[in-house]
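According to the UniProt record's numbering, the sequence shown is numbered sequentially starting from 1. Even for Gly, the Cβ is constructed at its ideal location relative to N, Cα and C.
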Amino acid sequence: MDKSRVEVVQVPKGPVTPSDLTALYNRYRDARLRALKTYPEAFSSNYERESAFTDEQWAQRLRNPMSTTFVAVCVEQDNTADEDVDKLKNHEWMGMIVLLGPKVLDVGSTKCPWEPFLSMDWMQPETEGAFEGAETTYFAVSMFVLPEATKRGVGKLLVSEMKDHTREDGKEKSVSKLHLSLIVERENPTAIRLYERCGFCHVDADSDLDCVGDHLTAPLGMTWSHNYDL
Numbered sequence: 001m002d003k004s005r006v007e008v009v010q011v012p013k014g015p016v017t018p019s020d021l022t023a024l025y026n027r028y029r030d031a032r033l034r035a036l037k038t039y040p041e042a043f044s045s046n047y048e049r050e051s052a053f054t055d056e057q058w059a060q061r062l063r064n065p066m067s068t069t070f071v072a073v074c075v076e077q078d079n080t081a082d083e084d085v086d087k088l089k090n091h092e093w094m095g096m097i098v099l100l101g102p103k104v105l106d107v108g109s110t111k112c113p114w115e116p117f118l119s120m121d122w123m124q125p126e127t128e129g130a131f132e133g134a135e136t137t138y139f140a141v142s143m144f145v146l147p148e149a150t151k152r153g154v155g156k157l158l159v160s161e162m163k164d165h166t167r168e169d170g171k172e173k174s175v176s177k178l179h180l181s182l183i184v185e186r187e188n189p190t191a192i193r194l195y196e197r198c199g200f201c202h203v204d205a206d207s208d209l210d211c212v213g214d215h216l217t218a219p220l221g222m223t224w225s226h227n228y229d230l
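Okay, structure coming up:
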């Protein structure tokens, strides 16, 4: 009888020891490169490019202050004592999704909620207090579930955890409305159905996505939004 369960763990954003950081970016690198080899059509990057990254580059990507990484790991059913960093270090990363943002959304001049993340300066943090009463936007990238973890609800768990995080983050920042967007290949009906079941809606914005990736057909943009009662 399988005594393991899938748990979604957030990569810590606070200080970690050098040895922990090394273990984390090694796990991140191994999972990311395997995903690029397994699902090359699902990413705008490729294995050849990222396999040449240095250790410093992997560490910088994992510790980007404008990103939050959610990881699915298999842990023992009775494992409730381990710290998150230990779960991430000691278990293979079976799935992952990375949340970028947030950014303030200028609804008057922005056609699509992911538009701020297509700019070269998207990693520039917003000024203090900029979110209060404003609409805000997040962008999800790098989603994958490894083949041996499929049909266990891992994708839904990752997306649900990410949505809960954005909802709480928006509440803490006193925003009026949040938008969480992602893009998905049109030839990936399984992923599209997953996002639809998680509340995402299609956005008609083909021309804005022509520059994303190197595929012949522009990917599909999808968004989930949440209003706050201020």
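Beta carbon of residue i nearer than 8 Å to that of residue j
i, j, result
"Glu7", "Val73", "yes"
"Leu194", "Lys156", "yes"
"His179", "Pro113", "yes"
"Leu146", "Met94", "yes"
"Ser67", "Gly133", "no"
"Phe144", "Tyr39", "yes"
"Leu88", "Leu24", "yes"
"Asn188", "Ala35", "no"
"Val16", "Val71", "no"
Option in the options with minimal Cα separation from residue i
i, options, result
"Asn26", "Leu118, Met66, Thr54", "Thr54"
"Val104", "Pro40, Glu128, Tyr195", "Glu128"
"Ser45", "Ser142, Val16, Leu24, Asp84", "Ser142"
"Ala52", "Glu41, Arg32, Thr69", "Arg32"
"Pro18", "Gly108, Phe200, Val85", "Val85"
"Glu172", "Thr136, Ala191, Ser225", "Thr136"
"Gly174", "Val107, Ala130, Gln57", "Going by the sequence as given, residue 174 is Ser instead of Gly. Cα-wise, what sits closest to Ser174 is Ala130."
"Asn90", "Asp20, Pro12, Glu185, Trp224", "Asp20"
Buried versus exposed, by CB contacts within 10 Å (16 or more), residue i
i, result
"Thr166", "buried"
"Arg197", "exposed"
"Gly170", "buried"
"Lys151", "exposed"
Proximity test, Cβ basis, 8 Å: residue i and chain D
i, result
"Leu105", "In the structure shown, chain D does not exist; there is a single protein chain."
field: Stretch-stretch touch, CB-based, cutoff 8 Å, three pairs: the segment 58-71 with the segment 87-105
entry: yes
- request: Decide if the segment 106-122 is in contact with the segment 143-163; the criterion is three or more beta carbon pairs, one per stretch, under 8 Å apart.
  value: Touching, no.
query: In chain order, which continuous runs of the alpha helix (DSSP H) of length 4 or greater are located wholly inside the segment 133-174?
result: 154-172
- request: Please specify which runs of the alpha helix (DSSP H), each continuous and at least 4 residues long, are wholly inside the segment 21-94, giving them in chain order.
  value: 47-50, 55-62, 84-90
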